[in-house]
Amino acid sequence: MSIATDIVSLKIMAEVYKKQDVSKILEAATSLLVEEVSYIDWCGIYLMETEKEATLIAASSEQDSNWMQNSELRFQIPGNNLHEAVLVVRSEERIAFDTRDIHTLENLSAALGDLWFAELSH
Numbered sequence: 004m005s006i007a008t009d010i011v012s013l014k015i016m017a018e019v020y021k022k023q024d025v026s027k028i029l030e031a032a033t034s035l036l037v038e039e040v041s042y043i044d045w046c047g048i049y050l051m052e053t054e055k056e057a058t059l060i061a062a063s064s065e066q067d068s069n070w071m072q073n074s075e076l077r078f079q080i081p082g083n084n085l086h087e088a089v090l091v092v093r094s095e096e097r098i099a100f101d102t103r104d105i106h107t108l109e110n111l112s113a114a115l116g117d118l119w120f121a122e123l124s125h
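Going letter by letter, the sequence shown gives residues 4 to 125 in our numbering.
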């Protein structure tokens with residue numbers, strides 16, 4: 004299962020390190036994860052306004068699949084003290100993710116955070 008996640012993560016990181024437009028990279032990241040990893044059915048990136056309020060800033064589709072999920076992983080996108088974000092991946096499968104997925108998606112979140120929050124600080 005996790006080889007697909009590794010491959011798509013490398014594609015996304017290649018875009019991240021080209022230092023292109025951040026919003027395009029975030030949209031591409033969410034879309035690629037769903038398109039190329041068969042067990043990821045929805046992906047989104049949320050900007051945390053407060054502990055309980057979040058704004059969806061990028062998603063694989065407009066429809067949040069929260070109502071039909073069986074598995075969900077959340078990864079904090081490391082940033083600065085002023086901004087916090089979260090990468091969310093969801094699957095309709097009950098047991099979809101393994102430990103390698105977690106490691107790969109944590110690394111991807113870190114790379115997205117490096118790019119995104121570096122741009123915000125300029």
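Backbone N, C-alpha and C fix where the C-beta goes; we use that ideal spot for every residue, glycine too.
Cβ-based neighbour list, I98, same chain, cut-off 8 Å, excluding 5 preceding and 5 following | In the sequence shown, counting from the first residue as 1, residue 98 sits at position 95. Excluding sequence neighbours, I98 sits near S74.
Roughly how far, in whole angstroms, is the beta-carbon of V37 from the beta-carbon of A7, given that I think they are within contact range, below 8 Å?
-> Here residue 37 is taken as the residue at index 34 of the sequence shown, counted from 1. Here residue 7 is taken as the residue at index 4 of the sequence shown, counted from 1. Between A7 and V37 the Cβ distance is about 11 Å, and since that is not below 8 Å, they are no contact.
Three-state secondary structure (DSSP) at T53?
-> As a first step, residue 53 must be located in the sequence shown, where it is residue number 50. T53: coil per DSSP, three-state reduction.
So, are the CB atoms of L118 and I15 less than 8 Å apart?
-> For the purposes of this step, residue 118 is taken as residue 115 along the sequence shown, with counting starting at 1. For the purposes of this step, residue 15 is taken as residue 12 along the sequence shown, with counting starting at 1. Going by C-beta atoms, L118 is not nearer than 8 Å to I15.
What is the rounded straight-line gap between the Cα of E65 and the Cα of E54?
-> Looking up residue 65 in the sequence shown gives position 62. Looking up residue 54 in the sequence shown gives position 51. Cα atoms of E65 and E54: separation of roughly 23 Å, rounded to the nearest angstrom.
Whose CA, out of D24, A32 and Q23, lies closest to the CA of V11?
-> Sequence index remark: in the sequence shown, residue 11 carries index 8 (1-based). If we check each option's Cα against that of V11, A32 comes out closest.
How big is the Cα-Cα spacing for K21 and A61?
-> Your numbering for residue 21 matches position 18 in the sequence shown. Your numbering for residue 61 matches position 58 in the sequence shown. Within the model, the alpha-carbon separation for K21 versus A61 is close to 19 Å.
Three-state secondary structure (DSSP) at V37?
-> Taking the first residue of the sequence shown as 1, we reach residue 37 at position 34. Residue state, collapsed to three classes: helix.
So, helix, strand or coil for A113, using DSSP?
-> The sequence position of residue 113 within the sequence shown is 110, counting from 1. Here A113 sits in helix by DSSP.
Pull up the distance between the alpha-carbon of E56 and that of L76, whole angstroms please.
-> In the sequence shown, counting from the first residue as 1, residue 56 sits at position 53. In the sequence shown, counting from the first residue as 1, residue 76 sits at position 73. Between E56 and L76, the C-alpha separation is close to 18 Å.
Within 8 Å (strictly less), CB to CB, does Y49 reach chain C?
-> Here there is only one protein chain, and chain C is not present.
Straight-line Cα distance separating V92 from W45 | Stepping through the sequence shown from its first residue, residue 45 is reached at position 42. Stepping through the sequence shown from its first residue, residue 92 is reached at position 89. W45 and V92: Cα-Cα distance of roughly 6 Å.
First through last residue of the beta strand (DSSP E) which encompasses I80 = Taking the sequence shown and counting its residues from 1, the one referred to as residue 80 is at position 77. Run containing I80: S74 to I80, per the beta strand (DSSP E) assignment.
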